[in-house]
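Per our numbering, the first sequence runs over residues 1 to 599.
No residue lacks a Cβ here, since even glycine has one placed at the ideal position from N, Cα and C.
Please read these numbers as outputs of a predicted model, since none were measured by experiment.
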Amino acid sequence: MTDSLGNLKRTHHCCQLRDTDINKEVVLMGWVQHRRDHGGVIFIDLRDKEGITQIVFNPENSKAVHEKAQEIRNEYVLGVKGKVIARPGDMLNPNMKTGAIEVLIDELSIFSRAKTPAFLIDDRVEASEAIRLQYRYLDLRRPRLKNNILARHKATMAIRNYLDNKGFVDIETPFLTKSTPEGARDYLVPSRVNPGNFYALPQSPQLFKQLLMIAGFDRYYQIVKCFRDEDLRADRQPEFTQIDMELSFINEQEVMEIAEGMIVAIFKKVLDIDLVIPFPQITYDEAMSRFGLDRPDLRFGLELCDISDIVKDAGFKVFANVVKNGGLVKAINAKGCSTFTRKQIDELTDFAAVYKAKGLAWIKIKENEWQSPIAKFFTDQEKDALRKRLDLELGDIVFFVADQPKITNEALGQLRNELARRLGLILDDTYAFTWVTHFPLLDYDETEKRYQALHHPFTAPLEEDIEKLSFDPLAVKSRAYDLVLNGIEIGGGSIRIHSTELQEQVLNCLGIDETEANEKFGFLLNALSSGAPPHGGIAFGLDRLMMLLCREDSIRNVIAFPKTQKATCLLTDAPSKASTSQLQELAIKVSKIEEQEFL
RNA sequence: GGGGGUGUAGUUCAGUUGGUUAGAACGCUUGCCUGUCACGCAAGAGGUCGCGAGUUCGAGUCUCGUCACUCCCGCCA
1 MTDSLGNLKR THHCCQLRDT DINKEVVLMG WVQHRRDHGG VIFIDLRDKE GITQIVFNPE
61 NSKAVHEKAQ EIRNEYVLGV KGKVIARPGD MLNPNMKTGA IEVLIDELSI FSRAKTPAFL
121 IDDRVEASEA IRLQYRYLDL RRPRLKNNIL ARHKATMAIR NYLDNKGFVD IETPFLTKST
181 PEGARDYLVP SRVNPGNFYA LPQSPQLFKQ LLMIAGFDRY YQIVKCFRDE DLRADRQPEF
241 TQIDMELSFI NEQEVMEIAE GMIVAIFKKV LDIDLVIPFP QITYDEAMSR FGLDRPDLRF
301 GLELCDISDI VKDAGFKVFA NVVKNGGLVK AINAKGCSTF TRKQIDELTD FAAVYKAKGL
361 AWIKIKENEW QSPIAKFFTD QEKDALRKRL DLELGDIVFF VADQPKITNE ALGQLRNELA
421 RRLGLILDDT YAFTWVTHFP LLDYDETEKR YQALHHPFTA PLEEDIEKLS FDPLAVKSRA
481 YDLVLNGIEI GGGSIRIHST ELQEQVLNCL GIDETEANEK FGFLLNALSS GAPPHGGIAF
541 GLDRLMMLLC REDSIRNVIA FPKTQKATCL LTDAPSKAST SQLQELAIKV SKIEEQEFL
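Structure follows, in structure tokens:
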């Protein structure tokens, strides 16, 4: 039998007692971190959410209690009553906050016995991801995960305080809602009372927050789950949390200012770091040109350099032909890295190939010569131009990618990040923020042969570009902005379209005709024509932000109960089969399941 | 949908060219120990080598398939 709590009342937590508390009678409750049985005296490290206190069972103090304490094992849950005493002179433990004292126990309650845990509750012990997820409640006892979750709480508190002070109203929006076209795959929920019909879980509260602006709430925020049924990554879960906000009567600069203030408040509260604002802003075009990606990592240089004009007539046909066909030839000069071996270069070539680069050309700048499979194709004049453009000096190696602009930028941009990692150019405690602005409004989907919104269909085009919608849609820039931290997109938003006519025009561009538009989001178009204020907003990925704040490399480590890469939960074994009666009630037939187990 | 990595004791891993009884560390159990702090000492238990086929006199090791976890590409407005 185990003991019940009875009248025992906790007086302190396990990180609280100091030498100033000596001689106090205290009651502690917690889990057994370690047991050290010396035959006579037994030491136990008692752990709770706050920390660890050493408790002592001494047979000279109470034989019966000492006897009972023999039984204690790791992870047992105890309540103990005793006296705070000073540790003997040289027995202080400077590594513990409570290391000056210990508690000599007079009364012991064993609330729970515990099976031997699958892994030790200690950050120094490794366990596989699968085991950690299966026993998540044990992993959450360990300091690393526990502290991440506590940091997340600090962050959300800072966010709520900040936004409340700025006049934002926290409003909940429905989870059982309507499927929206465009965007990610929806999670569907069958409706029992409307057989054959389905709700969709929201990919974001986008339309509802716009409706709230039209309703006149002026400033809205929500820390809210969003659902996207797409394949997972280290920084992507099917359900994730957004810090979602929307404001009326503002422009993009004002949204960015508010957002910066919030990020500052979070960093101050969680890390006690004072960030410098405003964050730099660069346009999408500049980001692509200099860094190859729309989420540039500004912690290091290694910028990309366009050399298409220099090589357009070169004897090296690979380069020349790419330029002739509207492609792009760009290069990165890795200063002082001409010592790269053939093997290293091959690895980098394989790396670039992942991003569809057909090859990775290179030139090593050696004494008296350019060592390279392609150097012989260039005239002295071309070499001279390259030397100047790329700042080529003795000991450099320069990498080239030649392809369609999209591939050249992506491959070389990713190579830039990889080179920085390999060369150790990335400093640990640097937080390099940047806004990326002036995204294109649309891009062209080759497989579906139509335009699609880069951000979403409700993003406003730049005023001066609106007329181009009819004759050159791809040249239209939008009023969208992303916030990027260390090469990772942590938030994005836009000024929205608040005019019915413009909204219809953009939908038209996307190939959504009036009938379809009315069917899919006629409610929004109606609302827009019922008095819509100019408005815009932004949403941050709370999980990604916390991942960066906690220096984790997966968002699973900042989510209490995350999913595996196949979107399952190893703890609860979700998703699982539905019973025939459940399915019948929902008017659903399951096909293509090999061995359907009837429950 | 595609590519890479991993899977051996409760946990983390080692396991040679295919060869006798599959090892280590930690954890666990028992005993000893009154000042430890991931205590120490001694003894012990613990294995469907992910699963299924195949090759072979013989498979943890080789081949094929399959499952799980993970990283990436596609996908993710």
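Per-residue DSSP class, three states only, for residue i
{"i": "Phe43", "result": "strand"}
{"i": "Glu239", "result": "strand"}
{"i": "Gln596", "result": "Note that Gln596 scores a pLDDT of 40, beneath 50, so its modelled location is shaky; the value from the coordinates is reported in the next line. Reduced to three states, the DSSP call for Gln596 is coil."}
{"i": "Pro440", "result": "strand"}
{"i": "Thr430", "result": "coil"}
{"i": "Tyr135", "result": "coil"}
{"i": "Gly629", "result": "Outside the modelled stretch of the chain, which goes from 1 to 599, sits residue 629, for which no answer is possible."}
{"i": "Gln452", "result": "strand"}
{"i": "Ile588", "result": "coil"}
{"i": "Leu507", "result": "helix"}
{"i": "Gln222", "result": "strand"}
{"i": "His66", "result": "helix"}
{"i": "Val193", "result": "coil"}
{"i": "Phe208", "result": "helix"}
{"i": "Gly491", "result": "strand"}
{"i": "Leu502", "result": "helix"}
{"i": "Met29", "result": "strand"}
{"i": "Gln582", "result": "helix"}
{"i": "Thr564", "result": "coil"}
{"i": "Leu201", "result": "coil"}
{"i": "Phe57", "result": "strand"}
{"i": "Asp521", "result": "The sequence given here has Phe at residue 521, not Asp. Three-state result, Phe521: helix."}
Residue of the options minimising C-alpha distance to residue i
{"i": "Leu390", "options": "Gly30, Phe439, Asn368, Lys364", "result": "Lys364"}
{"i": "Leu140", "options": "Ala560, Leu212, Ile588, Ala539", "result": "Ala560"}
{"i": "Trp435", "options": "Gly491, Asp90, Arg342, Asn58", "result": "Gly491"}
{"i": "Ala402", "options": "Tyr451, Pro59, Leu412", "result": "Leu412"}
{"i": "Cys509", "options": "Pro461, Ala527, Asp380", "result": "Pro461"}
{"i": "Glu602", "options": "Asp45, Lys563, Leu442", "result": "This structure leaves residue 602 out entirely; the chain is present only between 1 and 599."}
{"i": "Leu545", "options": "Met213, Glu286, Val484", "result": "Val484"}
{"i": "Phe168", "options": "His153, His34, Tyr221", "result": "Tyr221"}
{"i": "Phe458", "options": "Ile223, Lys449, Leu415, Ile512", "result": "Ile512"}
{"i": "Val311", "options": "Leu302, Gly301, Met288, Val322", "result": "Val322"}
{"i": "Asp106", "options": "Gly183, Gly51, Glu25", "result": "Glu25"}
{"i": "Asp122", "options": "Lys81, Ala314, Asp346, Lys146", "result": "Lys146"}
Proximity of residue i and residue j at Cβ, strictly below 8 angstroms
{"i": "Phe399", "j": "Phe316", "result": "no"}
{"i": "Met256", "j": "Gly537", "result": "no"}
{"i": "Lys477", "j": "Pro440", "result": "yes"}
{"i": "Ala234", "j": "Ser470", "result": "no"}
{"i": "Arg295", "j": "Ile426", "result": "no"}
{"i": "Leu78", "j": "Leu104", "result": "no"}
{"i": "His604", "j": "Glu182", "result": "This structure cannot settle anything about residue 604, because the visible part of the chain is limited to 1 through 599."}
{"i": "Leu232", "j": "Ala578", "result": "no"}
Exposure label - residue i; buried when at least 16 CB within 10 Å
{"i": "Lys330", "result": "buried"}
{"i": "Pro174", "result": "exposed"}
{"i": "Ser204", "result": "buried"}
{"i": "Pro88", "result": "exposed"}
{"i": "Asp186", "result": "buried"}
{"i": "His438", "result": "buried"}
{"i": "Glu594", "result": "Confidence at Glu594 is low in this model, with a pLDDT of 47, below 50, so the placement of that residue should be treated as unreliable; the coordinate-derived value is given next. So Glu594 counts as exposed."}
{"i": "Tyr481", "result": "buried"}
{"i": "Thr408", "result": "buried"}
{"i": "Asn526", "result": "exposed"}
{"i": "Phe249", "result": "exposed"}
{"i": "Gln381", "result": "exposed"}
{"i": "Gln582", "result": "exposed"}
{"i": "Phe291", "result": "buried"}
{"i": "Leu394", "result": "exposed"}
{"i": "Arg47", "result": "buried"}
{"i": "Asp45", "result": "buried"}
{"i": "Pro94", "result": "exposed"}
{"i": "Pro473", "result": "buried"}
Residue i CB to nearest heavy atom of the ligand ADP below 7 angstroms
{"i": "Phe249", "result": "The ligand ADP is not part of the structure shown, which contains no ligands of any sort."}
Complete runs of the alpha helix (DSSP H) confined to the region 102-159 [at least 4 residues]:
For the region 102-159, the full-length alpha helix (DSSP H) segments reaching 4 residues or more read 129-134, 136-139 along the chain.
For the region 331-413, list the alpha helix (DSSP H) runs that are entirely contained and at least 4 residues long, ordered along the chain.
Fully enclosed alpha helix (DSSP H) runs of 4 or longer: 342-354, 380-390.
For the region 231-317, list the alpha helix (DSSP H) runs that are entirely contained and at least 4 residues long, ordered along the chain.
Fully enclosed alpha helix (DSSP H) runs of 4 or longer: 252-271, 284-291, 308-311.
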